[in-house]
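When we follow our numbering, the leftmost residue of the sequence shown carries the number 216, and every step to the right adds one.
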Amino acid sequence: MKTFAITNQKGGCGKTTTAVNLAAALASRGYRTLLVDLDPQGHATLAFGLQPDTLEQTIYEALVNPQVLFERILQPTCLPTLLLAPSNVLLSGAESQLLRMTDREYVLRRLLQETAARFDYCVIDCSPSLNLLTLNAMVAADELIIPVQTQYYALEGLRQVMETVDVVRERFAPNLRIRGILLTLVERRTLLSRQVEEQMRDYFGPLVFRTVIHRNVRLAEAPSAGQSVITYAPQSFGALEYQSLTDELTYETQNRTAQESCLYI
Ligand code: ADP
Ligand code: MG
216 MKTFAITNQK GGCGKTTTAV NLAAALASRG YRTLLVDLDP QGHATLAFGL
266 QPDTLEQTIY EALVNPQVLF ERILQPTCLP TLLLAPSNVL LSGAESQLLR
316 MTDREYVLRR LLQETAARFD YCVIDCSPSL NLLTLNAMVA ADELIIPVQT
366 QYYALEGLRQ VMETVDVVRE RFAPNLRIRG ILLTLVERRT LLSRQVEEQM
416 RDYFGPLVFR TVIHRNVRLA EAPSAGQSVI TYAPQSFGAL EYQSLTDELT
466 YETQNRTAQE SCLYI
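Written out as structure tokens, the structure reads:
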């Protein structure tokens with residue numbers, strides 16, 4: 216199982232949209248895929264039409280109660296090969312309980328290892344803060360995908376993320392890789408969007424995915440239908456762009472040499 220964590224401490228930059236639609240695009244190709252909602256806001260859970268507050272068992276119970284089997288919390292979605300580990304607001308209480316555990320940074324990693332044989336890919340949707348949950352996500356992941364909204368302060372925010380990743384690598388997860396920076400909410404016709412994209416590509420080079428995700432209304436609408444855009448509007452630009460990102464990820468997973476894919480910066 217290959218695990219991607221979708222992370223950036225900034226809110227509203229397209230983390231959940233990326234997690235949901237990447238997971239759905241992988242599942243639409245027949246890959247057995249697990250989407251982990253690691254945000255107490257439960258947006259990825261809502262995106263698949265589940266009501267977070269009505270769920271009896273979520274990722275919270277699996278993290279804090281060793282008696283709860285991870286398998287038992289998994290929920291089906293409208294895609295047969297996609298399962299969801301849902302979350303709700305209770306997850307915001309997990310931090311204080313994890314703090315009491317000795318291996319507090321490795322709890323999610325251990326849970327995922329329990330079910331690794333059942334899945335080809337796992338995608339983790341992180342909350343917009345740098346807390347112990349996000350640290351668990353980074354430690355559990357093989358690779359990070361960092362969505363960045365093309366706006367003026369993009370580069371500044373990104374430096375902060377990179378510093379965090381360095382610390383996590385040093386202290387907890389030496390093999391953690393940044394798979395790529397994904398430009399999101401790109402405006403088709405604004406100069407600023409183009410300038411930020413150029414600046415990012417100059418600065419980070421091949422670490423920026425070739426695929427960019429433009430602003431597309433279908434991406435914003437799909438959650439209200441309880442679906443990913445991949446099934447809600449498969450021919451929309453939003454769906455096609457997330458499929459193209461998935462091409463980059465799966466193609467490169469199969470074909471890059473280990474050395475090439477180790478893009479440490
Ligand atoms: P995050 O998880 O980083 O907070 P979201 O994925 O929830 O960000 O996106 C924030 C808001 O922007 C949501 O309402 C989402 O539907 C919308 N959104 C995200 N990406 C796009 C896009 N490419 N086009 C249009 N709306 C988008
Ligand atoms: Mg989110």
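We put the CB at the ideal spot given by N, CA and C, even for glycine.
Please report how far the alpha carbon of residue i lies from the alpha carbon of residue j, in whole angstroms.
i    : j    : result
T218 : E310 : 22 Å
H429 : T296 : 27 Å
Y321 : F387 : 9 Å
E456 : R315 : 42 Å
R416 : A369 : 12 Å
A454 : A448 : 7 Å
T405 : L397 : 18 Å
V269 : G245 : According to the sequence as given, residue 269 is Thr; it is not Val. Rounded to whole angstroms, T269 to G245 spans 29 Å at the Cα level.
M353 : Q410 : 30 Å
D462 : L250 : 18 Å
G257 : S302 : 5 Å
E378 : T349 : 14 Å
A435 : V235 : 12 Å
L391 : T248 : 20 Å
A355 : S439 : 30 Å
K494 : V423 : For residue 494 there is no data in the structure shown, the boundaries of the chain being 216 and 480.
A239 : V338 : 10 Å
T232 : A259 : 8 Å
If you reduce the DSSP assignment to three classes, tell me which class residue i lands in.
i    : result
Y336 : strand
T231 : helix
L398 : strand
L359 : strand
T292 : coil
Q414 : helix
Q312 : helix
Between the Cα of residue i and the Cα atoms of the options, which residue gives the shortest distance?
i    : options                   : result
V283 : D268, A300, P389 and N346 : A300
L323 : L294, R333 and P281       : P281
R403 : S344, A331, N431 and R392 : N431
T222 : Y466, C341 and G420       : C341
A437 : F263, Q224 and A238       : F263
R433 : V444, F424 and D357       : V444
L347 : Q312, Q328 and A332       : Q312
D252 : Q366, C228, S243 and I288 : I288
Q366 : G227, N390 and V279       : G227
L305 : E286, P291, Q290 and E276 : E276
T317 : A239, D335, G308 and V279 : V279
Y336 : Q224, M216, Y466 and F424 : M216
Q364 : F334, D381, L400 and Q375 : L400
V376 : P343, T292 and T446       : P343
With DSSP as the reference, please indicate the residues paired to residue i in a beta bridge.
i    : result
L327 : L327 is not bridged to any residue.
V423 : I396
L299 : L250 and Q290
T218 : C337
Q364 : T399
Is the CB of residue i under 9 Å away from at least one CB in chain D?
i    : result
G257 : Going by chain labels, chain D is absent from the structure shown, which holds only one protein chain.
Exercise for the section: Let me know the beta strand (DSSP E) ranges lying completely inside the region 246-289, each 3 residues or longer, listed in chain order. Expected result: 248-253
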